[in-house]
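**Q** This is the structure, below, for whatever I ask next.
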Amino acid sequence: MAPGDFASVPPGVVHNPKTLGPHTETFGLITPGDWIDFFRYVGEPFDGVLCPEFDERSLREAVMAKMKNATKDYDVSFHPKHEGCEVGEWSLSDETLPETTVPYYLRANTGPRWLLGGVLSRPFITTRQSDGKFAISSIESSAKHEPSVFSQQLKFPKVHHCLCVLEGALEVSLGDGASSTVREGETIFIAANTAFSLRFGSKFVRLWSFTSGDGIESLIHEVGTPFKGYVLPDQAETVDQSKVQAACEKSNIVVSQKS
1 MAPGDFASVP PGVVHNPKTL GPHTETFGLI TPGDWIDFFR YVGEPFDGVL CPEFDERSLR
61 EAVMAKMKNA TKDYDVSFHP KHEGCEVGEW SLSDETLPET TVPYYLRANT GPRWLLGGVL
121 SRPFITTRQS DGKFAISSIE SSAKHEPSVF SQQLKFPKVH HCLCVLEGAL EVSLGDGASS
181 TVREGETIFI AANTAFSLRF GSKFVRLWSF TSGDGIESLI HEVGTPFKGY VLPDQAETVD
241 QSKVQAACEK SNIVVSQKS
């Protein structure tokens, strides 16, 4: 796997990710969220910048005892004798989203794309593939395409949003508060039942949206149109506000005209 590639691992699937470079960073969404305590348990305190590059201890020896004990308190089982399959080449099946909750890979810059006005969504996983639990999508737009559907305040009563900005600047307003600018490398968490609006504050903005159900990505997929291209278009499409309103009512999304 390389930058932009995605893997989905449903419960009960044996997996063992192995980093190949001297420093590899991944975005890992784990649900339920309290399972992150497992990593705190098996890990060690570290106050450096990235990682202890010259730590020559055996990882197996350093954490194996903790790993064995972890099965008592965490929903995890270890299969040290499991033999995985050989690393293979990408195939066409790795360029589409499955219809059900199964393990799968999605190659970078493939998969479905939807465009709503001037906002593009490239889902890595939707609630259809996660048994309704969460969704992850790359959201892209531009200040040139403002205002967008998300310039008006929306409230998702039961869905949390975590927005990680990868490129550009995103202006976020929560409730009646002043807007804040979230820039590249920064993240904002928006709790369910919180009214918010988004404005794309630079020429190109790309963020990853992590939601605990059908969130902003689902609105794009519901009202928008399938997009054949691969990059954000120069011209935004016309948005049918009546379809937006109908989709919001269908999903119990509260709409406010404040922006």
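Taking the UniProt record's numbering, I'd label the letters of the sequence shown as residues 1 to 259.
Ideal placement from N, C-alpha and C gives every residue a C-beta, glycine not left out.
(1) Just the Cα atoms here: how many angstroms apart are Phe6 and Thr211?
(2) Taking the runs of the beta strand (DSSP E) that are 3 residues or longer, which of them lie wholly in the stretch 121-193?
(3) Between the Cα of Lys243 and the Cα atoms of Ile220, His23, Glu146 and Ser138, which residue gives the shortest distance?
(4) What three-state label does DSSP hand Tyr41 in the structure shown?
(5) Starting from Leu116 and walking both ways along the beta strand (DSSP E), at which residues does that stretch end?
(6) Quick check on Ala108: does DSSP put it in helix, strand or coil?
(7) Leaving out five residues before and five after Arg40 in sequence, what residues of the same chain have Cβ atoms less than 8 Å from its Cβ?
(8) Tell me which same chain residues have a C-beta within less than 6 Å of the C-beta of Ala169, skipping the five on either side of it?
(9) Which two residues bound the contiguous beta strand (DSSP E) that contains Arg199?
(10) Please report how far the alpha carbon of Phe204 lies from the alpha carbon of Arg60, in whole angstroms.
(11) Using DSSP with H/G/I as helix, E/B as strand and the rest coil, what is Ser209?
(12) Distance, Cα to Cα, Ser256 vs Ser197?
(13) Considering only the alpha carbon of each residue, which of Pro147, Val13, Gln241 and Met1 lies closest to Gly21?
(14) Pro123 and Gly111 look like a contact to me (Cβ under 8 Å); what is the Cβ gap, rounded to whole Å?
(15) What three-state label does DSSP hand Ala2 in the structure shown?
(16) I'd like to know whether the C-beta atoms of Arg199 and Glu217 end up nearer to each other than 8 Å.
(17) At which residues does the beta strand (DSSP E) containing Val254 begin and terminate?
(18) Could you check the C-alpha separation between Pro147 and Ser8 for me, to the nearest Å?
(19) Kindly list the residues whose CB is nearer than 8 Å to the CB of Phe54, restricted to its own chain and excluding five residues on each side of it in sequence; keep chain order.
(20) Quick one, which of Pro11, Ala195 and Leu115 has its alpha-carbon nearest Ala236's?
(21) Any idea if Ala70 is buried or exposed, counting beta-carbon neighbours within 10 angstroms, 16 or more meaning buried?
(22) Give me the residue from Ser151, Lys228 and Leu207 with the minimum Cα distance to Leu163.
**A** So, to answer that:
(1) 16 Å
(2) 135-141, 153-155, 161-167, 169-174, 180-183 and 187-190
(3) Minimum Cα distance to Lys243 is reached at Ile220.
(4) helix
(5) Trp114 to Leu116
(6) coil
(7) none
(8) Thr181, Arg183, Gly201 and Ser202
(9) Phe196 to Phe200 is the extent of the beta strand (DSSP E) around Arg199.
(10) Between the alpha carbons of Phe204 and Arg60 lies a gap of roughly 44 Å.
(11) strand
(12) 9 Å
(13) Met1
(14) 7 Å
(15) coil
(16) Against a cut-off of 8 Å, the Cβ pair of Glu217 and Arg199 comes out as no contact.
(17) Val254 to Ser256
(18) 34 Å
(19) none
(20) Leu115
(21) buried
(22) Leu207
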